[in-house]
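Under my numbering, residues 589 to 1015 are what the sequence shown spells out, in order.
Note sheet for the following structure.
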Amino acid sequence: MNILVIGSGGREHALCWAIMQSPLCSKLYCAPGNGGIAQVAECVSLSALDFDAIIAFIREKKVDFVVVGPEDPLVQGLVDRLDAEGIASFGPSAAAAQLEGSKGFTKDLCAEYGIPTAAYGRFDKAEAAKAFIAEKGAPIVVKADGLAAGKGVIIAATVDEANAAIDDILGGRFGAAGAEVVVEEFLEGEEASFFALCDGTHVLPLATAQDHKRVFDNDEGPNTGGMGAYSPAPVMTAALNERVMREIIEPTVCAMRERGTPFKGVLYAGLMITAEGPKLIEYNARFGDPETQVLMMRLDCDVLPLLTASHDGTLEKVEVRWKNEVALTIVMAAQGYPDDYKKNTEIRRLVEAGAEEGVQIFHAGTKAESGRVLSTGGRVLNVTATGKTTADAQARAYRAVDKIDWPEGFCRRDIGYRAIAREKQTA
Ligand code: AMP
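Below, the structure is given as structure tokens:
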């Protein structure tokens, strides 16, 4: 099969790395890709949102299957376009991707089908939103309805902060994505991510993960796209996984089918494990970044039949196998991230670092130029390792990090600390 992966981050590098190992893959393209992806796939400089150009490329190169990584092309209807052209792909239609594209849509669906989530209100007028906030009190959470690149969520410690967030969002800070807000109850507990493949009807649970969103050690500093992750999430016992499937994932897939917008692709549930049990914080309609990097490292079977079964509606016929190991990834970012940072700084000794046992380095924001690797973004590398325990995987990953010569970069030094503390307790 000729395969095209859409996207340019660490997630897409991990997907390409896994797909390239499939005996079913004869040629692998990635659009637009990055400096690391170029080592495992042929990168083509097409924008993920230029659907006409993508379709022309698919026709020219006789691509058999397209894997869509990021949310923007999904929400804007790339899979619908591919379907209309008779091209097979992995990912949801625009209507199904509303589970990620509109927080209000998902909250209403949860309310209608009894799926556990935080109590909420939806507003397009500041006055009504503020009255709701006054009634509920703080802490309270204010969210832009649409896609805001992970920046549209404000955890307000006071009513004033919540009101300011309302003015900010409805005042146009996120453009059309902020035409409406969701205001919701603050949930307390431990967060975890749950990934499941769907084919419109059947669900195949994949795995769990946890990430570190704050930029500095001890989970301090501003939120980021994620500074590291590990899988599995130790908080997720077999009993909890079973509850998440029964109370959250299966009713969602059922509801989407009933509404005539069946969900195909990967459903990524952000969960809060509260004293009352798991509650849905949000859905994403695609693989997580950097969670995919750890999932692909743990996968112990061919990824391609899983992705094609999601498209074909045959997920009940495939099985997934996982290594009996933990995988952990450390994000290396450009100094200054998530604020301003320098681009085009050189990264050296990646080959030596990648040669550490059990380590793979996925590139999130690099380009290859005349044999050199240069940074092109905020989050730049995902140094990923497997190990018998989280502590083993962490030690391997930091050994590799310490070999990388990139003075303009930094990373957290405590990725996985919560899981390691739990391991120590149970040892
Ligand atoms: P989201 O983009 O909806 O996943 O929100 C980003 C982050 O905000 C989540 O990962 C949580 O850490 C936090 N968050 C979102 N909603 C809530 C909530 N209702 N209660 C507590 N924390 C929340």
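Backbone N, C-alpha and C define an ideal beta-carbon position, used for all residues, glycine too.
In angstroms with no decimal places, state the Cα-to-Cα distance between residue i and residue j.
i, j, result
"V667", "F998", "37 Å"
"P545", "N751", "Any property of residue 545 remains undetermined from this structure, which presents the chain solely from 589 to 1015."
"V656", "R845", "21 Å"
"K976", "E913", "5 Å"
"L794", "S596", "23 Å"
"F653", "V939", "31 Å"
"K724", "G665", "37 Å"
"A629", "I594", "12 Å"
"E768", "S614", "46 Å"
"E808", "A602", "28 Å"
"D1001", "V908", "Contrary to the premise, residue 1001 reads as Arg rather than Asp in this sequence. So the alpha carbons of these two residues sit roughly 32 Å apart."
"D799", "A716", "34 Å"
"G853", "S898", "6 Å"
"A797", "F804", "20 Å"
Could you have a look at residue i and say whether DSSP puts it in helix, strand or coil?
i, result
"P661", "helix"
"T974", "strand"
"A716", "helix"
"I861", "strand"
"Q798", "strand"
"N912", "coil"
"G809", "strand"
"G763", "helix"
"G997", "strand"
"C604", "helix"
"D929", "Going by the sequence as given, residue 929 is Tyr instead of Asp. In this structure, Y929 counts as coil in the three-state DSSP scheme."
"C786", "strand"
"L634", "coil"
"K1038", "This structure does not reach residue 1038, given that the chain is present from 589 up to 1015, and the question cannot be answered."
Just to confirm my understanding: we take residue i, look at its own chain, exclude 5 residues before and 5 after, and list those with CB closer than 6 Å. What are they?
i, result
"Q686", "F693"
"I743", "V729"
"G942", "I949"
"L564", "There is no way to answer for residue 564, as the model of the chain reaches only from 589 to 1015."
For residue i versus residue j, is the C-beta spacing smaller than 8 Å?
i, j, result
"G813", "G924", "no"
"C698", "L868", "yes"
"T705", "K695", "yes"
"L859", "E772", "no"
"G598", "D980", "no"
"A857", "F774", "no"
"Y818", "L916", "yes"
"P740", "A719", "Just to set this straight, residue 740 is Gly in the shown sequence, not Pro. No; because the gap between Cβ atoms is not below 8 Å, this pair is not in contact."
"N622", "K931", "no"
Tell me residue i's beta-bridge partners as DSSP assigns them.
i, result
"E772", "Y708, V729"
"I949", "V971"
"K867", "M860"
Quick one: residues in its chain with C-beta nearer than 8 Å to the C-beta of residue i, no 5 flanking neighbours on either side, listed in chain order?
i, result
"R960", "E934"
"S677", "F653, V654, V655, V656, L666, V667, L670, D671, H899"
Got a sec: does ligand 2 put a non-hydrogen atom nearer than 7 Å to the Cβ of residue i?
i, result
"E749", "Judged by which ligands are present, ligand 2 is missing from the structure shown, whose ligands are ligand 1."
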